[in-house]
Amino acid sequence: MSSYAFDISHLLAGGLVLVSFMMIYQDRMYALLNTFALQAVLLGLAVAWQAFTQEAPHLYATAAIALVFKALIVPWALHRVVARMGIQRTVETVTGVMPTMLAGMGLVALSILLMLQLTEAAENALAREDLAFALSVILLGMLMMVTRRNAVTQVVGFMSLENGLILAAAGAQGMPLVVEISVAFSVLIAMIVIGVFLFRIRERFDSVDTEALDAFRGERQ
Amino acid sequence: MTGALALEATLALPLGTAALLALMPGYRVGAWINVFASLVTFLAATSLFVLERPAPGNFLLVDDLNIVFIVLNTFVGLSAAFFSASYIGHELEVGRVTPSNLRFYHAMYQMMMFGMNLALASNNIGLMWVAVELATLSTVLMVGLYRTHEALEAAWKYFILGSVGIALALFGTILVYLAAQPVLGEGTPAMVWTNLLVAAPRFDPAMLNVAFVFLLVGYGTKVGLAPFHAWLPDAHAEGPTPISAVLSGLLLNVALYAVLRFKLLMTANAEAVAPGPLMIGLGLLSLVFAAFMLYRRRDIKRLFAYSSIEHMGIIVFAFGIGGPLANFAGLLHMVMHSLTKSAIFFAVGNVAQIKGTQKLDQIRGLTQSHPALGWGLVLAVLSIAGMPPSGVFMSEFLVVTTSFARMPVLAVILVFGLLVAFGALLLRLTDVAFGTPTGEDHPMTGSLLPLWLHLALIYWIGLHMPQPMVDWFQTVAAILG
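Residue numbers (our numbering), protein chains in the order written: chain A, 1 to 221; chain B, 222 to 702.
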């Protein structure tokens, strides 16, 4: 593979990790949604580039899903949800931004150490780096889900996690069912967004914290 | 009829019925179509035992291992559908659901059966993942059916935790593909179980190790293993009771089946880390944790949800120990747990209807006020607590004896956990079943037939396990290594 093709996919995958960090320090809801849309655009470009270099035309479908569904429709729908449901415009966090950023850096270091060592034997350098970046995005997405209190921000965390998964699946040379999997995920996300809106989840409860839930159940006196 | 046709029927029937039920107005007709479709699916699945099996393809597979799961799945699916048909009308009367909710509920029931059957019959790790996701999504929708604050919360929590679990499982699946790709080449063949198993000795062991950790945590979340179990008690307590029965009895098994398949890959590779200790650790942790949590429960459905975590812990522990005897015990325990736990939820559904509450302290003296239901519950709870002569006793006895022979220290922890859980269940049972009946007394609509049918099976297998079943389980236990 030419170093030029490698550099571009490296740049795009690295960009995804960078945007994950940007999402961690956003403290405004709309800004967070815009940052997520940016990540989805980068994902679309990264997958399209993989489709081009791997000569796998079916991946263009996955790229299109990312660009249309995740970069446009979902952020737009969530904007409406936030506006219509009168959700607080600031992001409520469990811990401060600094500790979360430090934890995020630790997670990225961990995933790079793990994945580069693991794939040392692999002849395809591209798959190696992509996998390391993808795991970073997944772990950062999980970190976001854990450190946010609000349903909409948790959904954004989950979608960012899923971006990492699609990146990994697209990077795995010749992996079948990638398109089907990205469609399955889109259905999942559409359902989450509809669920948040239909059941007005922000108004009913704002965390998936076990402690808070037990209290409703008469489990505690 | 050929085996291929029977296999297609077990998949196509639920899917077609789901579409039909979505269009069918009138919940009564829908409920009985649901039962009828489940019955035909069960018959089709059972016929796989005798018919010639289709050759494994790129997507579907029938072998000695998954046939046990498929038949169990369709059987409990059938009895839960029957129970649901007699039960769900009451929920409409008390205004917990609307007729259109019920139409949706029945369609989702068949969709879930389709997802689970597909996951069990798939010969492709990618397809299996999609199928498990489908089954999860449809159960999420059913858990939130009542639209109450608690039900929506439970569904949301299940949704988020289940999605994270399933996402991790997908990452593990991608890693397995990456390990297989240098050996099997690119494309679909590198995701097919039968190919993977043959080529597994040549896979990169380090890649397999990491993949298995992701898969175990991912699918383990769906099995309900501690510490990833947080969704399970809420999802069981807040959904309609027939769904609690199916969740405990079936969906946990489907996720467990996925873990077992990947465990087979791990053991096939000599250099990969042994999957046993990881599974033993998670299993014991779930068992002991859930056993203690049983004491603090005040809600009858949550009580038995924690008991499911406990039993999944025992099963995963047994499979983690491995070897013909422990695998046999694990399989038997899985079947017994499915039958017993769904029977318990059938009884609990009726109890909640009679008393109008799920609170344990408002349920007293059931054996006096409702003997058939009360004694059925007593027998089922004694069985799940591991009293002889139930089948659960037999499988727990086997697990304990094998682990004493192989790992005495772990066996002590195992027995400790079992005893703690036993005490908690008996304590609650005496309160609920005996004494002076108190509380409200509404008429009971749910059928007792599925409960007693399951009980008959459990005690029959416990007293005299039929020889063909013994032979079959021995073959499967040998495959599981």
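Virtual Cβ for every residue (Gly too), placed ideally from N, Cα, C. Note that the structure is predicted; figures quoted are calculated from it, not measured.
| Asked | Found |
| --- | --- |
| Between the region 334-341 of chain B and the region 160-168 of chain A, do three or more beta carbon pairs fall short of 8 Å? | no |
| At least one CB of chain A closer than 8 Å to the CB of residue 388 of chain B: is that the case? | yes |
| Could you tell me whether any Cβ in chain B is nearer than 8 Å to the Cβ of residue 32 of chain A? | no |
| Interface residues of chain A around residue 381 of chain B at Cβ under 8 Å? | 145, 154, 158 and 208 |
| Does the CB of residue 659 of chain B have a neighbour CB from chain A at under 8 Å? | no |
| Can the beta-carbon of residue 393 of chain B be found less than 8 Å from the beta-carbon of residue 432 of chain B? | yes |
| Going along chain A, which residues have a C-beta under 7 Å from residue 738 of chain B? | Because chain B in this structure spans residues 222 to 702, residue 738 of chain B falls outside the shown range and cannot be described. |
| So is residue 431 of chain B in contact with chain A if we call contact Cβ pairs under 8 Å? | yes |
| Which first and last residues belong to the alpha helix (DSSP H) in which residue 423 of chain B is found? | Note, residue 423 of chain B: premise wrong, no alpha helix (DSSP H); not H, not E. |
| Does the Cβ of residue 455 of chain B have 16 or more other Cβ atoms within 10 Å, making it buried, or fewer, making it exposed? | buried |
| May I ask you to list the residues that DSSP assigns as paired with residue 344 of chain B? | In the DSSP output, where bridge partners are listed per residue, residue 344 of chain B has none listed. |
| Using only the alpha-carbon positions, how far apart do residue 155 of chain A and residue 74 of chain A sit? | 11 Å |
| Report the three-state DSSP secondary structure of residue 91 of chain A (helix, strand or coil). | coil |
| Please classify residue 4 of chain A: is it buried, with 16 or more other beta-carbons within 10 angstroms of its beta-carbon, or exposed? | exposed |
| Closer than 7 Å, Cβ to Cβ, to anything on chain A: give me those residues from the region 395-417 of chain B, in chain order. | 395, 398, 399, 402, 407, 408, 409 and 412 |
| Cβ atoms of residue 542 of chain B and residue 579 of chain B: under 8 Å apart, would you say? | no |
| When the Cβ atoms of the region 556-565 of chain B are set against those of the region 660-679 of chain B, are three or more pairs found closer than 8 Å? | yes |
| Counting only beta-carbon separations shorter than 8 Å, does residue 492 of chain B have a partner in chain A? | no |
| Helix, strand or coil for residue 494 of chain B per DSSP? | coil |
| Helix, strand or coil for residue 585 of chain B? Go by DSSP, reduced to three states. | strand |
| Out of B:377, B:421, B:369 and B:247, which has the shortest C-alpha to C-alpha gap to residue 398 of chain B? | B:421 |
| Quick one: Cα of residue 606 of chain B to Cα of residue 352 of chain B, how far? | 32 Å |
| Compare the C-alpha of residue 425 of chain B against each of B:414, B:493 and B:438 and name the closest. | B:493 |
| Since residue 141 of chain A and residue 9 of chain A are thought to touch, with beta carbons under 8 Å apart, how far apart are those beta carbons, to the nearest angstrom? | Not really, about 20 Å apart at Cβ, beyond 8 Å. |
| Find out if the Cβ-Cβ distance for the pair residue 458 of chain B, residue 523 of chain B is shorter than 8 Å. | yes |
| Is it buried or exposed, residue 374 of chain B, if we count other Cβ atoms within 10 angstroms and call 16 or more buried? | buried |
| Please confirm if residue 427 of chain B has its CB atom under 8 Å from at least one CB of chain A. | yes |
| Quick one: residues in its chain with C-beta nearer than 6 Å to the C-beta of residue 659 of chain B, no 5 flanking neighbours on either side, listed in chain order? | 585 |
| Would you check if there are 3 or more beta carbon pairs closer than 8 Å linking the region 440-451 of chain B to the region 259-266 of chain B? | no |
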